[in-house]
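Chemist: Numbering (the working numbering), first residue to last: 2 to 266. Dumping the structure here so I can ask a few things about it.
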């Protein structure tokens, strides 16, 4: 017996895109194959090349969506801000274009949405983290989700504790900007993400995290459409084979992130 399709009338799907039109197509087709639909799909482009924009226009023959464009790249923060402004539903499911959803995501979105609908305490439900970036301090909740618990105390030594928020796939309320502010607009995705992480913590954000997130998404870049190599990723790649340097760097990172949080930067 075929699985039933699920339509989320109260959710807008927001996809940010930059020069990876085939990856965007893969994401949209996979969601359709899994049997998930939304009130609306918004594709917020960050100044892609003409060929990619032309290809995206062709995708409208098979999938209905709104394409938002800008003549120059203003960074991920701008793309998210513009997309959120256009959304017309109480909830936004955010996914970057280079993620590939798996069949289990249908149940996870349904469960996460129902929790947020019934329990107003939650600001975000996260569906993914890189394998090396699992949130370290979790309290089991239900349906595969755990609550992320932030502790500023220095004996909670895992630097990943600052990442309650992440720009990986997540569900949030459309009122998110009213509580946590708009995304900082710069060309550095790392700076944008970290500023929102700190805002989330300062404003007492509460979030759920799907522990077996590898069952929900795969982060996949092709040779033709490679990923954007961020500064932090380069640093960790260099430090991975030098335990002493890595330990010193993480201590510095902990101190820096703690001070920035306290300084309201």
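Beta carbons: idealized from backbone N, C-alpha and C, even for Gly.
Can you give the Cα-Cα distance for residue 265 and residue 26, rounded to whole angstroms?
Modeler: Numbered from its first residue, the chain shown carries residue 265 at position 264. Numbered from its first residue, the chain shown carries residue 26 at position 25. Cα to Cα, residue 265 sits roughly 40 Å from residue 26.
Chemist: To the nearest angstrom, report how far apart residue 107 and residue 143 are at their CA atoms.
Modeler: On the chain shown, position 106 is the one that residue 107 refers to. On the chain shown, position 142 is the one that residue 143 refers to. Their backbone Cα atoms lie some 16 Å apart in a straight line.
Chemist: What three-state label does DSSP hand residue 207 in the structure shown?
Modeler: Locating residue 207 in the chain shown gives position 206, where the first residue counts as 1. Residue state, collapsed to three classes: coil.
Chemist: Using three-state DSSP, classify residue 166 as helix, strand or coil.
Modeler: Locating residue 166 in the chain shown gives position 165, counting from the first residue. In the structure shown, residue 166 sits in coil (DSSP, three-state: anything other than H, G, I, E or B).
Chemist: Check this for me: beta carbons of residue 31 and residue 93, under 8 Å apart or not?
Modeler: The sequence position of residue 31 within the chain shown is 30, counting from 1. The sequence position of residue 93 within the chain shown is 92, counting from 1. It is not a contact, given that the beta carbons lie outside the stated cut-off.
Chemist: My output table needs one value for residue 11: the three-state DSSP class, helix, strand or coil.
Modeler: The count along the chain shown starts at 1 and reaches residue 11 at position 10. Three-state DSSP puts residue 11 in a strand.
Chemist: What ranges does the beta strand (DSSP E) occupy inside the segment 58-103, keeping only unbroken runs of at least 3 residues that lie completely in it?
Modeler: Those beta strand (DSSP E) runs which fall completely within the segment 58-103 and span 3+ residues are 67-69, 92-97 and 100-102.
Chemist: Please tell me whether residue 33 has its Cβ less than 8 Å away from any Cβ of chain D.
Modeler: No chain D appears in this structure, which consists of one protein chain only.
Chemist: Am I right that residue 109 and residue 28 are in contact with their C-beta atoms under 8 Å? What's the rounded C-beta distance?
Modeler: Your numbering for residue 109 matches position 108 in the chain shown. Your numbering for residue 28 matches position 27 in the chain shown. With a Cβ gap of about 16 Å, residue 109 and residue 28 do not count as contacting.
Chemist: What residues match up with residue 41 in a beta bridge as DSSP calls it?
Modeler: Within the chain shown, the letter at position 40 stands for residue 41. The partner list for residue 41 (beta bridge, DSSP) reads 13.
Chemist: Could you pull the start and end residues of the beta strand (DSSP E) that residue 218 belongs to?
Modeler: Here the question's residue 218 lines up with position 217 in the chain shown. Where residue 218 is concerned, the enclosing beta strand (DSSP E) stretches over 218-220.
Chemist: For residue 8 and residue 244, what's the separation of their Cα atoms in angstroms?
Modeler: Your numbering for residue 8 matches position 7 in the chain shown. Your numbering for residue 244 matches position 243 in the chain shown. One C-alpha to the other measures close to 48 Å.
Chemist: Quick one: grab the DSSP three-state call for residue 4.
Modeler: For the purposes of this step, residue 4 is taken as the residue at position 3 of the chain shown. Of the three classes helix, strand and coil, the one that applies to residue 4 here is coil, per DSSP.
Chemist: Using the three-state DSSP reduction, which class does residue 189 fall into: helix, strand or coil?
Modeler: For the purposes of this step, residue 189 is taken as residue 188 along the chain shown, with counting starting at 1. Coil.
Chemist: Let's test the definition: count the other Cβ atoms within 10 Å of the Cβ of residue 47 and tell me whether it reaches 16, buried, or not, exposed.
Modeler: Indexing the chain shown from 1 puts residue 47 at position 46. The residue is buried, with at least 16 neighbouring Cβ atoms inside 10 Å.
Chemist: May I ask you to list the residues that DSSP assigns as paired with residue 173?
Modeler: Working through the chain shown from its first residue, we reach residue 173 at position 172. BP columns for residue 173 point to 93 and 125.
Chemist: On the three-state DSSP scale, how would you describe residue 200?
Modeler: As a first step, residue 200 must be located in the chain shown, where it is residue number 199. Residue state, collapsed to three classes: helix.
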